[in-house]
Structure formats: structure tokens, C-alpha cells
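Residue numbers (the working numbering): 247 to 619.
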């Protein structure tokens, strides 16, 4: 008789736990808190995500205490470029910014820029543009370069992301800052011996336009570095990402004129590839982007600088033209400090949404230097 009572009480006990509706929640709470009052109760550790042997989530699984089916997120997206990535990469992704040469005579050696999810282009000196090409730590680009020297306003685009900064020297101003800066990991080829494989010279091209690296070598250096406290993983989207493309005034071809004719860059909308495709004199790279931002920022030559290096007013706000899906809108950019991430808004002051994929930011001192063809 006692055995029957015991079985019956046990059955009711687990019935209340496993199949109870919300009205039994107080009982469940009491049991899980071991009889403690709510003020004494400690939160339980979260249940670890369920992974299959392949490292991906199952399509669905059954919760432990009930028959409810739980559908895990169908995909995870990168905080950096919005594309789908492995769930195991979330929380481990950081960015690497690499300064790239764009001198006319160096373009035949350019490599890796077409794989960069984000590029910032601006004049570095004497009308010559330079690129800060951003890469994700999840990428495996085998060769990137030619690597050139840094400028403070390029560094300003990397500082909010707390990534690694790869360059070959720089202006006195930026080098002085990098010696004490702790918000990024500085990787300057000047600190490396010829025996170190992080950088190498490709003798097919003349120096100084022949310095290269790879994402594998950068990761290897970061893994062995004692200074990784300055490197941080991404914890939130750098911009708003959306699957809905812009639908606005149409444009088929854009021309950005930075200075001399050899520094004119054209962007043509390719309907089949759903992207803007870049072309520039002597460049053979196939560069296409889903998002193109042309922003206006005041620039001026540094007085008495023998190389004609520039200063830029990239803290504050200014005008932009934003191109996406064969369309464009006008808007504004805002950067409240050197450490703040730059943001982009439409004319109604709403944040602009970026399509997942690649983005190019071209900085002109006057939007009148941009034309539609």
C-alpha cells in the first residue's frame, strides 16, 4: 500500500514539474531555490548551448522538463559585416586594419584589397590616396599589400573597434601616439627583423612598394604577442545591418575625383552581381561592394611638411552620399570623438542600414568632386 502511495506522489511531483503551466511556476521556483526565499535565491548557471559533433546546432531539440520544441536561431551574423558566420565564431571575432599603398606605380602589386569587408580611402600626401583595409580575424587572405605608412585620421577609424593596426611606419604624429596608445594592437614592420615572417618583401616589385603580410602571419604574431590586452573582440554591430536594400533615386555610375586624373575612381552598378564595381587606372583588382559611402570632410596640407602630408577634420559631422542597390540618398556622418564609432544617418536623422557584405568609404574634401555619369 505504501509503495502505491509513493509511486503516486512521485508521479504527481514530476507531472507538476514537467508539464505544469505557468500557474505551477511558484512551486518550480521554490524547488529550484531549495526552499530559499526570493531575496535569498541565487541565479542558476545558464545551460550551455547544444552542439552536434559537427559544431552546428541541431534543427530542434526538446527541453529537459517538457515536451515543448525549441528552435535555435537559424543563423548567426558577424558584428563586423553582417554576413552569416559559424555560431562558434561569435564573441571571438576581432578586426585587423592594414594600410595599403595606392600610388599609381604600386597598383600592379596591390593584392588582398578585394577581400576586405571594409575599406577607408583618403588622401595621404601630395594628392596620393591610401587605403585602410579592414579584415576579420576569421579570414584567411594569403597576401595583403603593398603595406605603407600610417596617418592619424586613418587610425581614428580603427580605434573604436580596438583591433590590430598593421602599417610600415607613419607620420611623426601618429607614431608618437602609437607608442603610448593602449586601445589597439600596434603591428609596425619597423619593429621586426628580417628573420621574422610577419612581413616580407616581394622582390618582383621595387621598394618601398613591395612589403606584404598575410592574415595567417598576423594571427600568428597576435597569438605569440604579450601585448594582446589592447586587442578586443567585437561585441555589437558596428552599424545597422538589414536584408532590405535601399530603394531610392537610381544611379548607374559614380566618379570620385580625389586629386589628379590618376586618382579618379569610378564605381559602376552591376545588376547581376548586385554591387558597385570599382575601376581605377592601372588597377586590375576586381573590387565590388554592397555599400558605398562618399563622405565630405575638411582637409588641408600640414604647413611646411616636406611630403605634403594632410590634416583632416573627421571629428564632428558632415555630409555624405550613400549608395546601395543601384540607388543613392543624401545624409550625414557623425563622429563624436576619436574613440567613437562613426555613424551615418539619412536626412530624417534615422540611422542608415547597411546590407551584409562589403563597404567602401571614400573621403573627399568637397562632395562637388563626386559626379554621376
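Built from N, CA and C at the ideal position, the CB exists for glycine as well.
Asked	Found
The stretch 471 to 479 / the stretch 419 to 431 touching (three or more Cβ pairs under 8 Å)	yes
First and last residue of the uninterrupted alpha helix (DSSP H) at residue 401	398 to 404
Cα-Cα separation, residue 390 to residue 495	36 Å
C-alpha distance - residue 407 paired with residue 617, whole-angstrom precision	32 Å
Unbroken stretches of the beta strand (DSSP E), 3 residues or longer, contained in the stretch 474 to 504	486 to 488, 499 to 503
According to DSSP, residues forming a beta bridge with residue 411	343, 432
Distance, residue 517 Cα to residue 576 Cα	22 Å
The stretch 327 to 339 contacting the stretch 367 to 377, beta-carbon criterion three pairs below 8 Å	no
Local conformation of residue 281 per DSSP, three classes	Any reading at residue 281 is ruled out, since the residue's pLDDT is 34, under 50, leaving its predicted position unreliable.
Rounded separation between residue 457 and residue 555 - CA only	21 Å
For residue 417 and residue 552, the rounded distance between their alpha carbons	12 Å
Pick from 348, 373, 322, 352 that is closest to residue 379, judged by C-alpha positions	348
Residue nearest to residue 403 in terms of C-alpha spacing, selected from 525, 580, 613, 599	580
Rounded Cβ spacing between residue 587 and residue 536 (contact assumed at less than 8 Å)	Rounded, the Cβ-Cβ distance is 19 Å, inconsistent with contact.
Own chain partners of residue 615 with C-beta closer than 6 Å, once the 5 adjacent residues on each side are dropped	503
Classification of residue 275 by the beta-carbon crowding that lies within 10 angstroms, buried from 16 upward	The predicted position of residue 275 is uncertain, since its pLDDT is 35 and thus under 50; a value taken from the coordinates is nonetheless stated next. Exposed, because fewer than 16 other Cβ atoms sit within 10 Å of the Cβ of residue 275.
Coarse secondary structure for residue 352, derived from DSSP in three states	helix
Simplified DSSP assignment, three categories, for residue 466	helix
Residue nearest to residue 490 in terms of C-alpha spacing, selected from 331, 338, 598, 365	598
Reduced DSSP category for residue 334 - H, G, I as helix; E, B as strand; rest coil	helix
Coil, strand or helix - residue 532 by DSSP	coil
Backbone CA spacing between residue 600 and residue 619 [nearest angstrom]	24 Å
Between the CA atoms of residue 501 and residue 533 - distance to the nearest angstrom	15 Å
Exposure of residue 526, with buried meaning 16 or more beta-carbon neighbours within 10 Å	buried
Option in 427, 397, 437, 405 with minimal Cα separation from residue 419	397
CB-CB length for residue 381 against residue 342, believed under 8 Å	5 Å
3-residue-minimum beta strand (DSSP E) runs that sit fully inside the stretch 356 to 391, ordered along the chain	364 to 371, 374 to 382
Buried or exposed by the 16-neighbour rule on C-beta atoms within 10 Å, applied to residue 332	exposed
Supposed close pair residue 540, residue 608 - CB separation, criterion 8 Å	5 Å
Span of the alpha helix (DSSP H), counted from its first residue to its last, around residue 422	418 to 426
Between the CA atoms of residue 561 and residue 401 - distance to the nearest angstrom	12 Å
Endpoints, the beta strand (DSSP E) within which residue 587 is located	Taken as a continuous stretch (DSSP letters only), residue 587 belongs to no beta strand (DSSP E), as it is neither H nor E.
DSSP bridge partner residues for residue 215 (one or two, in chain order)	This structure cannot settle anything about residue 215, because the visible part of the chain is limited to 247 through 619.
Own chain residues within Cβ distance below 6 Å of residue 515, not counting five before or after	498, 522, 572
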